[in-house]
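Let me begin by presenting the structure, written as C-alpha cells, before commenting on it.
In this note's numbering, the protein residues as written are 316 to 675.
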C-alpha cells in the first residue's frame with residue numbers, strides 16, 4: 316500500500332502534469348486562432364513542465380494501480396525530469412522577446428543559448444548515472460530524483476534556470492513601468508509567477524535532496540501550479556474578441572495596401588501628452604483601437620508609445636520607425652523612413668508643372 320507522503324507527493328506531480336497540459340492545450344487552441352508567438356511559446360512551456368514531472372507521475376500511477384513500480388520506470392523518471400529544461404527556458408526567453416521585441420544581437424544570443432543547451436545535454440548524458448540520483452524504493456513508495464552537487468549538470472541547471480528567470484524578470488519589470496490600468500494588472504500576475512516558477516524548478520531539481528526532499532516536494536509542486544495559473548491570468552487573450560494577428564511574413568497585398576493608406580495619414584508631430592493618453596487608455600497609436608492583454612501589444616523601446624501587434628508588425632515591415640520618435644521599433648533592423656524620397660518626388664513634380672515664362 317502506498318505511504319501517505321508518497322501519495323501526496325505523487326498526487327501533486329499528477330496535478331501539476333494535468334494543469335500543465337491544460338495550460339498548453341488552451342494556449343495551442345488560442346494560438347491556432349491568433350497565430351501569436353507568445354501563445355505558442357506559452358504552450359511549449361506548458362508541455363515542457365508536463366514532461367518534466369511525467370516520470371514521477373507515471374511512478375505514482377503505477378504504485379496506485381499495481382502496488383509497485385513497473386520495470387523501466389526508474390530510467391524514465393530520470394530522463395524525463397531533466398531533458399526538457401532547455402526547451403522550457405528557450406520558450407520563456409522567446410516570450411520576453413515577443414513582449415519587448417528581441418535584442419539587437421538576437422542571433423548571437425540564440426547561438427549562445429543553443430551552444431549552452433547542447434553542452435548541457437552532452438554533459439548530462441555523459442555523466443547520467445552519477446549526475447542523476449534516484450534511489451531504490453520499497454514497494455508502496457514512488458520514485459523521485461535530484462541532481463548530485465558533485466557533477467557539472469547540477470551547476471549548469473543553476474545557471475540556466477537562474478539566468479532565464481532573471482532575464483525574464485528584468486523584461487517584465489521594464490514592461491510594468493511603462494503601462495498602467497489593465498495591462499499593469501496583467502503584468503503583476505506575471506511578476507508573481509516568474510520567481511515562483513524559477514524557484515520551484517530549482518527546489519525540485521537541485522536544492523531539495525536526500526533526506527529532506529520527501530516532506531516538502533508536494534508544496535513545491537502545488538506552488539508550481541499556482542505559477543502556471545498566474546501566467547495564464549497574465550497572458551490570456553481578452554474575452555470579448557480574438558484579434559487576428561498579422562505575422563511579418565504573412566501580410567498579403569490587400570492588407571498591406573490598407574495599412575499603407577492608413578500610415579499615409581501619419582501626423583506630422585505626436586506630443587508626449589498624446590503618447591501618455593493613448594498608453595493610459597491602451598489605445599494603438601496608429602489604428603486608434605483599444606487593446607487589452609500582452610498578446611496584442613507592442614511598445615516602442617525608446618519613447619514607450621503603444622501599438623497593437625497588427626500595426627507594429629506592419630510598421631516594422633514597411634519602415635521600422637516609431638510614429639512618435641522615429642526610432643527603430645525592431646532594433647535588429649534598419650529604419651527606412653521615406654521622407655527624403657517623398658520630398659525629392661514633390662520637388663520634381665513642381666519642376667515639371669512650372670509654367671514657362673513668356674518671351675516678349
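Yeah, the Cβ is synthetic: ideal placement off N, Cα and C, and Gly gets one too.
Residues 513 and 517 of the same chain have their beta carbon placed closer than 8 Å to that of residue 477, with the five preceding and five following residues left out of the count. The residues 491, in chain order, have a CB closer than 7 Å to that of residue 499 in the same chain once the five nearest residues on each side in sequence are set aside. With contact defined as three or more Cβ pairs closer than 8 Å, the stretch 366 to 386 and the stretch 457 to 472 are in contact. Along the stretch 599 to 645, the beta strand (DSSP E) occurs as fully enclosed runs of 3 or more residues at 612 to 614 and 621 to 623, listed in sequence order. For residue 651, the closest of 511, 645 and 634 by C-alpha to C-alpha distance is 634.
Out of 354, 339 and 406, the CA that lies nearest to the CA of residue 346 is found in 354. The beta carbon of residue 593 sits closer than 7 Å to those of 600 and 621, all from its chain and outside the five residues before and after it, given in chain order. Here residue 468 is buried. Its C-beta has 16 or more other C-beta atoms within 10 Å. When C-alpha distances from residue 507 are compared across 395, 532, 480 and 533, the shortest belongs to 480.
Going by DSSP, residue 423 is part of the alpha helix (DSSP H) stretching over 421 to 441. With respect to the 8 Å criterion, residue 366 and residue 326 are not classified as neighbours on the basis of their beta carbons. Taking the Cβ atoms as the reference, residue 401 lies roughly 7 Å from residue 475, within the contact range of under 8 Å. Assigned with DSSP and collapsed to three states, residue 461 falls in strand.
When beta bridges are read from the DSSP output, residue 447 appears opposite 462. For residue 449, the closest of 319, 392 and 407 by C-alpha to C-alpha distance is 392.
Remark: C-beta atoms of residue 590 and residue 639 approach each other more closely than 8 Å. Residue burial is scored here from C-beta neighbours: residue 501 has at least 16 other C-beta atoms within 10 angstroms and is therefore classed as buried. The Cβ-Cβ distance between residue 483 and residue 520 does not fall below 8 Å. In the three-state reduction of the DSSP assignment, residue 452 falls in the coil class. With contacts defined by Cβ atoms closer than 8 Å, residue 361 and residue 339 form a contacting pair. With a beta-carbon spacing of about 7 Å, residue 648 and residue 631 fall inside the 8 Å limit used to define contacts. Counting along the chain, the unbroken alpha helix (DSSP H) around residue 369 starts and ends at 369 to 381.
About 7 Å separates the beta carbons of residue 615 and residue 642, which is inside the 8 Å limit, making them a contact pair.
Of the other Cβ atoms in all chains shown, 16 or more fall within 10 Å of the Cβ of residue 435; this residue is therefore buried.
Cβ neighbours of residue 549 within its own chain (closer than 6 Å, five residues either side excluded): 501, 504 and 505.
The beta carbons of residue 536 and residue 358 sit no closer together than 8 Å. Burial is judged here by how many other beta carbons sit within 10 angstroms of a residue's own beta carbon; residue 645 has at least 16 and is buried. Judged by DSSP in its simplified three-state form, residue 479 adopts helix.
In summary, residue 586 is exposed, with fewer than 16 beta-carbon neighbours lying within 10 Å of its beta-carbon over all protein chains present. Secondary structure of residue 647 (DSSP, three-state): coil.
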